[in-house]
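A.B. asks: Sequential numbering of the sequence shown, starting at 5, is according to the numbering used here.
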Amino acid sequence: MSKQFSGNSRRDFLLKTITLAPAVAIGASGLGALTSPGKADAAEDIAPANQNAKAYTPTFFTPEEFAFIKAAVARLIPADDRGPGALEAGAPEYIDRQMSTPYATGSNWYMQGPFNPDADPALGYQLPLVPRDVYRLGLAEADAFAKKQHGKVFAELNADQQDTLLGLMESGKADFTQVPSKTFFAMLLQNTREGFFSDPVHGGNQNMVGWKLIGFPGARADFMDWVERGERYPFPPVSIRGERA
Numbered sequence: 005m006s007k008q009f010s011g012n013s014r015r016d017f018l019l020k021t022i023t024l025a026p027a028v029a030i031g032a033s034g035l036g037a038l039t040s041p042g043k044a045d046a047a048e049d050i051a052p053a054n055q056n057a058k059a060y061t062p063t064f065f066t067p068e069e070f071a072f073i074k075a076a077v078a079r080l081i082p083a084d085d086r087g088p089g090a091l092e093a094g095a096p097e098y099i100d101r102q103m104s105t106p107y108a109t110g111s112n113w114y115m116q117g118p119f120n121p122d123a124d125p126a127l128g129y130q131l132p133l134v135p136r137d138v139y140r141l142g143l144a145e146a147d148a149f150a151k152k153q154h155g156k157v158f159a160e161l162n163a164d165q166q167d168t169l170l171g172l173m174e175s176g177k178a179d180f181t182q183v184p185s186k187t188f189f190a191m192l193l194q195n196t197r198e199g200f201f202s203d204p205v206h207g208g209n210q211n212m213v214g215w216k217l218i219g220f221p222g223a224r225a226d227f228m229d230w231v232e233r234g235e236r237y238p239f240p241p242v243s244i245r246g247e248r249a
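#1: What do you get for Gln210, buried or exposed, if any count of 16 or more other CB atoms within 10 angstroms of its CB means buried?
#2: Using the C-alpha atoms, what's the distance from Gly142 back to Phe180?
#3: Might you give, ordered along the chain, the residues of its own chain that have their beta carbon closer than 7 angstroms to the beta carbon of His154, omitting 5 neighbours on each side?
#4: Give the DSSP-derived three-state secondary structure of Val213 in the structure shown.
#5: Go ahead and pull the three-state DSSP assignment for Asp84.
#6: Measuring CB to CB, does Gly222 end up less than 8 angstroms from Tyr98?
#7: Under 8 angstroms between the Cβ atoms of Arg136 and Thr109?
#8: Going by C-alpha distance, which of Arg79, Pro88 and Phe65 is nearest Met4?
#9: Using beta-carbon positions only, say whether Pro121 and Leu131 come within less than 8 angstroms of one another.
#10: How should Gly199 be labelled, buried or exposed, when 16 other C-beta atoms within 10 angstroms of its C-beta is the threshold for buried?
#11: Below 8 angstroms on the Cβ atoms is my contact criterion, and I expect Phe158 with Phe72 to pass it. Report the Cβ-Cβ distance as a whole number of Å.
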C-alpha cells in the first residue's frame, strides 16, 4: 500500500486525518476530533489492544465475504500498542449492518445515466453500481485476484501479502473487471473508518475505542468550553444510548 497505509504509519495517518476533520460529528458517516495527534497520545493507554469485538453473524455478506472484510479491516486500521484496531472495534459488523440501510441501495444518490468512469472526479460518482453492488462484485474480484497472485483467498494470506494486494487495489493496479479496484478499496477504507469512529449504536466503535484514541467525548450534552483549551478532555466518552466507556 501507499506510505499512508503501510506499517506503523497507519495509526499516525489516521489520527492526522481525523484531527483535520470538521469539529464535531458523531453520526454514522461523520468523523470529529477535539484534539491534535500529540494530545491524542494521552488517551491511548485506555483501551487494551487485545480486546475482541462481540460475536456477530452477518446478515448480508456470506461467510467467505465476511472473512475478507475482517481480514482487510485488520490491515487498514490494525491493533497495536496504542489500542485495538478496526477488527476489534467491530467495523465488520458496522459494514454488514450498513448493507441493510438506504445507503447500501443508493436511495439518496443520483443514479441516472449516462455514466462515464473516465470523467473528471469533480463531476461525482460515475458508476451504475450502488454500494451493495460494489461490495458484492468487489469482494468476488478481490478474492479471485488473490488466488491469481498467491493461490489462496485474501483471508488466508499473511499480513505482508494482504498489504501488497490492498496497495494494488488502492492504486487501481489490481486486475478487476466488473468494478474498478480503486473504487472498491476507497469504499472499504471509508466504511472501515466510519466503523471505527461512528457511534456504537451502528455496530462499530465498540467500547468506544475509536473515541478513546482521539479523546473525543461522544454524545455528551456540553463540552464546547473545552474545545479551545488545548487540554485533554477529562471525562470518558458517552454514546447516544448513554453507554459510558
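For every residue, glycine included, the Cβ atom is placed at its ideal position computed from N, Cα and C.
C.D. replies: Based on what the coordinates show:
#1: Classification for Gln210: buried.
#2: 8 angstroms
#3: These residues qualify, in order along the chain: Leu161 and Gln165.
#4: helix
#5: Secondary structure of Asp84 (DSSP, three-state): strand.
#6: no
#7: yes
#8: The requested residue 4 is not part of the displayed model; the chain covers only 5 to 249.
#9: yes
#10: buried
#11: 5 angstroms
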